[in-house]
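For reference, the structure discussed in these notes is given below.
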Amino acid sequence: MQIQKSFEAKDTGTLYLVPTPIGNLEDMTFRAVNILKEVDLIAAEDTRNTQKLLNHFGIETSQISYHEHNATERAAQLVERLKKGESIAQVSDAGMPSISDPGVELVHAALEANISVVPLPGANAALTALIASGLVPQPFYFYGFLPRKKKDVQEELEALNKRQETIVFYESPHRLKQRIEEMEKVFGPDRRVVLARELTKRFEEFVRGTLAEVKEWTNSEQLRGEFVVIVEGNDAPEAQEEQDWATWPLDEHVSRVMLEQGVSSKVAIKEVAQLRGIQKRDVYAAYHQLDQ
């Protein structure tokens, strides 16, 4: 067990997690600006991008790069500096560090070294979009970016389809159209969805509708900017699951029962027969690919 008293005097430095604006620079807090001025070093996802922010607020603190490609090596270096008493602020290009951005490796390394990790509140695209979405704001499930491979996306969406919470995704403009089509196939055309883009900027936009309606919108629009995609939860997951398995081939249904419940083919065949109200021998023949 570890207890952190964030502001007690200690020999080591402090790792500050500092949110940066997701668009509008006025969303930078007074405290965030002061921390960036006071620390010994800023660990930035992209030093060129962060330098623009520092210039805007007259911050002269030195930077060092910390991104997904050097996270492991750099985290060890930064922890050594923290041990020597230096304080470091970690920032990503926009929003909260560690939320679909670099940061978690450095946090883990600092905590293992018994160094205080102090988070600052601030801008976050997921929550900003969620509270204005019009969908139920809690409980919600934050997912972030879906996998790149189509097979992995299908599996993830099928698992997410059982969730009753509002689900929050991030997506890039060049993959949005495909993702909405994939969601419509798994979640159904009538599931409500909200797209939010250019949050806090001049051209901020919310698109609210069903997956079918939003799919048509993506076909007619030039998609630019990073998107937050918010999908309403499944209010009847059991009914949806029953509707889904009714369309599965018998052999696939048996295989899924075996996998999900960890039972033998004999037990799964019996359960599928009972669920579907058909003869066990028919399920057995389909699973074992026997001619009847």
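Position 180 of the sequence shown, counted from 1, bears residue number 180 in this note's numbering, the numbering being contiguous throughout.
Every residue gets a Cβ at the ideal spot worked out from N, C-alpha and C, and that includes glycine.
Since this is a predicted model, take the numbers as computed values, not measurements.
Next item on the list: Give the C-beta separation of V153 and E184 to the nearest angstrom, bearing in mind that I take them to be a contact with Cβ-Cβ under 8 Å.
Entry: No, V153 and E184 are not in contact; Cβ-Cβ is about 13 Å, not under 8 Å.
Check: Taking the C-alpha atoms as reference points, what is the distance between G23 and D93?
Finding: 10 Å
Next item on the list: In the DSSP assignment, find the alpha helix (DSSP H) that holds L78 and state where it starts and stops.
Entry: A71 to K83
Check: Quick one: what does DSSP say Y287 is sitting in, helix, strand or coil?
Finding: helix
Next item on the list: List the residues that DSSP assigns as beta-bridge partners of S65.
Entry: A44
Margin query: Rounded to whole angstroms, what is the Cα-Cα separation between E165 and L157?
Written below: 14 Å
Notebook entry, point to check: In terms of DSSP beta bridges, what is A89 paired with?
Noted result: Y16 and I42
Checklist line | Where T303 sits in the DSSP three-state scheme | finding: The requested residue 303 does not occur in the structure, where the chain is confined to residues 1 to 292.
Next item on the list: Would you kindly report the start and end of the unbroken alpha helix (DSSP H) that includes A273?
Entry: S265 to R276
Check: Is the region 75-87 close to the region 25-32, with three or more CB pairs under 8 Å?
Finding: no
Next item on the list: Could you pull the start and end residues of the beta strand (DSSP E) that A123 belongs to?
Entry: Per DSSP, A123 belongs to no beta strand (DSSP E) and is neither H nor E.
Item checked: Inter-residue Cα distance where the pair is A285 and W245 -> 18 Å
Notebook entry, point to check: Distance, Cα to Cα, P318 vs R148?
Noted result: Because residue 318 is not part of the residues shown, which for the chain are 1 to 292, the question remains open.
Checklist line | Helix, strand or coil at T218 [DSSP, three-state] | finding: helix
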